[in-house]
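First residue of the sequence shown? That's 1189 in the working numbering, and the numbers climb one at a time after it. Structure first, commentary second.
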Amino acid sequence: MKTKSQDRYLSYLEFAGDGIIITDGLHRIEYMNPKAMDIMELEETAVKNRKLQEFLKIHSKDSEEIFNRLIHQCIIKKEPVGLTEGTTFQFSSGRTIFASASISPRIKEDQSLEFVWVFRDITQIVKKEEELKEKNRELQIYREIFEQAQNIILMIDMEGNIIKANPLAEKIYGYTLEELLDVNITEIHNTPTVLESIKESSRVHKKVLRCTHTKKDGSTFPVDINTIYIDVDNQRYLLGVIEDQSLREAQRRDIVAAKRKAEKANRAKNEFLANMSHEIRTPISGIMGMTELLLREQDKFDQEQVENLRIIKSSSENLLNTMNDVLDFSKIEAGHLKLEKKEFYLSEVLHNLEKNYRRLAGKKNIEFSIRNNTDLSRRIYGDVHRLYQMLNNLLTNAVKFTEEGSVSLLIEEVSGNDHNITLQFSVIDTGRGIAKSMVNQVFKPFTQESTTYNRDTGGVGLGLSITKKLCSAMDGKIGVFTEVNKGSHFWVVLDFETLSKPKEEKNIQKNYQSIRGLEVLLVEDFSANQRMLRRFLTPYDMSIDIAENGKVALEKYLKKKYDIILMDIQMPVMDGIQATQAIREIEKNKKHQKTPIIALTAHALSGDGDHFMRHGMDGYISKPYRVNDLLDTMEEQYKISQSKSHLMQYLNEKEEKKRRYQGDSGLSEISPWINEKLKELRKAFNTMNLEKIEDLGRALKEMGSENNHAYLEEEAFRLMLCIRRQDYHQAITILEELEEYYR
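Given below as structure tokens:
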């Protein structure tokens, strides 16, 4: 029978706010109050006399199951045992909660043992604590950012008063943090309207305010300000991140200074290369020229003397090739390499290569051959000079490193159609080959397989590097297959345009009849070159006057009319450019016809030719030069000069005719027709349809003549002249001027 005290006890348990479970010594459930059943989602009839472990599993942070361990501790200690923080209850319903609980042992009146479980669901409390911890972690991160930020951070109210500032602000502005809290932003910014500017920049997404701030000591520094609005406790503030631009400005100044220094160094390098080119090319020009003159008269010498002359010529050419490699490499590295495309025939390229390398290979008693499976009658459009240069580099190396056996050049057509062709050039030798460790290095500059003092081949190690760079510039591919003591196979694949015009027979032996008997002024300070050029030109019945510098040349020009002037560039007293400009000024003032001036120069860097042209010269040839190249240039410039003379006469006649009329008539009526023809002309240039260009130029010229439109007639005639002498660049310039005029 229950006593009154037991009834009161059970009544208390029934209404307790915690879950309470009483089990016997074998953990069978004797009692479970309503709160416990509610938390565990159980009914009383389902649990009576069943073991608690069927409905409850207890987990701690470091253990999956601690039910039995808790009972054991309770029995050993004979006192209540509480759960550690983070312990969870997992119920048979599948629900899991964080629990705060204790287990108490109790001896009943019959001396049997029972356990009283008291627990509370604290899941929401744990979650709140975790959320609070997370917020505290975030606050700590924000605090660290605020404290350690590399930019100034200021928080100001809507009146501009500083509410909060980070330590960097104290360091840079020179105020203490307490002093900053008494400062208004206008005192730092020194502009009454700064607050409005800041508010405006905050309204515009990612707008940066650039200005100058003032420190406590009165000094100023440039800043960039990014601002945003923030709301704290229903109060609006402005948060500004201020970046000190002093370092960036200093870095910018350093970059500008470094750039100027690099440009100065580059100019110094170019000046050095130009001077080196001049100082080496000038004597080489004399040596090679005189040697060529002597070899023309070789029947006057014995065999040993002729061989000595050939050695001098070969040594000079080797020195010139080495210098050209250095200059070419400098141009390529500086990005000044220009490809000059023109039409050529592959048969001519192969003929010249075979003639040269059969002789070189014969000296070493090795076989040289060229094998070709392409149509040699096709006209190809591309940079033939660079093609020569690449094949020369590969063939020179092949002959140099082959002591016995053979060297061959194989040309194969990879693909082709009526407009394009892809060719593979293979240079195959039976020489020493290249070690595997060096294969990946052979196309790098200044690289040679042997760098010892007793190496048996010359060169500076630039040939293959230049070849690779030229190949890349022409959108080609290059590679090598090689094996030590078995030879090498270098290959180059290049794309070219093909032209359908049939091959024209060329007059191999030119007599230069058009320039025989010219009056020539040679301006040259190097006496050996003076004598050489006089001997070169005298057989063509030319009258040669010599001036040792630009000042003397100017004096001679004022006393006598010359058909052509050959002008050295680097001379004492007055250089070639100064002399040319003085001559052009005289021609302009006295309205004289321009005398063709050809630069004969040892300068051979990228842009030199354009530089001389801009200063009034008409042609350019680099020392040392072959006599035929010089004669070709003289003939070309003299013909242009004569054409200009006829043109000026023609234009003077047209000007006289124009004065008889009242300006150009009917222009508005013919403008649409002109524009249509100019569009057709542009299309013809795009496809290089020279016949169509000639027809359109003639039609424009005739239209100008019929309508008394002198400008159209003159420019169309100039365009036709340019096409006839293959000066396509100038022709396109004239087209652009016409398009601009009639736009």
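Heads up, the beta-carbon is just placed ideally off N, CA and C, and yes, glycines get one too.
- Between the beta-carbon of L1710 and that of L1754 there is about 5 Å, and that keeps the pair under the 8 Å contact cut.
- For H1260, no beta strand (DSSP E) encloses it; the enclosing alpha helix (DSSP H) starts and ends at 1255–1265.
- For V1681, there is no enclosing alpha helix (DSSP H); the enclosing beta strand (DSSP E) covers residues 1675–1687.
- Using a 10 angstroms sphere on the CB of E1671, the tally of other CB atoms stays under 16, which defines it as exposed.
- Contact between the segment 1289–1301 and the segment 1316–1329 is absent: fewer than three C-beta pairs spanning the two stretches fall below 8 Å.
- Take the alpha-carbon of A1438 and the one of K1447: they are about 14 Å apart.
- Counting only runs that start and end inside the segment 1332–1376, the alpha helix (DSSP H) elements of at least 4 residues fall at 1355–1361, 1365–1368.
- Contact annotation: I1285 and L1240 have beta-carbon atoms that are not nearer than 8 Å.
- P1410 sits in a strand when the DSSP states are folded into three classes.
- Judged by beta-carbon spacing, Q1612 lies within the 8 Å limit of V1681, meaning their Cβ atoms are closer than that value.
- Its chain contains V1680, V1681, L1682, D1683 as the residues whose beta carbon lies nearer than 8 Å to that of G1664, once the 5 sequence neighbours on both sides are disregarded; these appear in chain order.
- Between T1789 and D1817, the gap from beta carbon to beta carbon reaches 8 Å or more.
- In this structure, the straight-line span from the alpha carbon of F1714 to that of R1722 is close to 13 Å.
- Taken through DSSP and simplified to helix, strand or coil, Q1328 comes out as helix.
- Under DSSP, no beta-bridge partner is assigned to Q1312.
- Secondary structure at I1285: strand, using DSSP grouped into helix, strand and coil.
- In the three-state reduction of the DSSP assignment, R1566 falls in the coil class.
- Comparing alpha-carbon positions, the option among I1734, P1812, A1887, H1247 lying closest to A1287 turns out to be H1247.
- In the pairwise beta carbon analysis, the segment 1339–1350 is classified as touching the segment 1361–1378: at least three pairs are separated by under 8 Å.
- Minimum Cα-Cα distance from K1551 among the listed residues E1592, L1582, K1529 corresponds to E1592.
- By the beta-carbon neighbour count (other beta carbons within 10 angstroms, threshold 16), W1861 is exposed.
- Straight through space, the alpha carbons of N1422 and P1222 are spaced by roughly 46 Å.
- Distances from the CA of N1237 to each of I1475, G1348, H1215 were compared; the closest alpha carbon is that of H1215.
- Taken through DSSP and simplified to helix, strand or coil, Q1577 comes out as helix.
- Remark: C-beta atoms of D1915 and Y1826 do not approach each other more closely than 8 Å.
- When rounded, the separation of the alpha-carbon atoms in Q1718 and V1668 is 47 Å.
- Annotated three-state conformation of D1883 is helix, per DSSP.
- In summary, V1572 is buried, with 16 or more beta-carbon neighbours lying within 10 Å of its beta-carbon over all protein chains present.
- Just so you know, the alpha carbons of I1911 and D1606 end up roughly 24 Å apart.
- Looking at the DSSP output, E1302 shares a beta bridge with D1212, R1294.
- Each residue's CA atom was taken as its position, placing S1407 and H1377 some 12 Å apart.
- Take F1800, set aside five residues on each side of it, and the residues of its chain with a beta-carbon closer than 6 Å to its own are A1787, Y1808, in chain order.
- Under the Cβ criterion (8 Å, minimum of three pairs), the segment 1487–1500 does not count as touching the segment 1721–1740.
- DSSP assignment within the segment 1694–1720 yields the following whole beta strand (DSSP E) runs of 3 residues or more, N-terminal first: 1707–1711.
- Minimum Cα-Cα distance from S1653 among the listed residues L1579, I1609, D1820, F1334 corresponds to L1579.
- Bounds of any beta strand (DSSP E) do not take in L1900; it lies within the alpha helix (DSSP H) bounded by 1898–1912.
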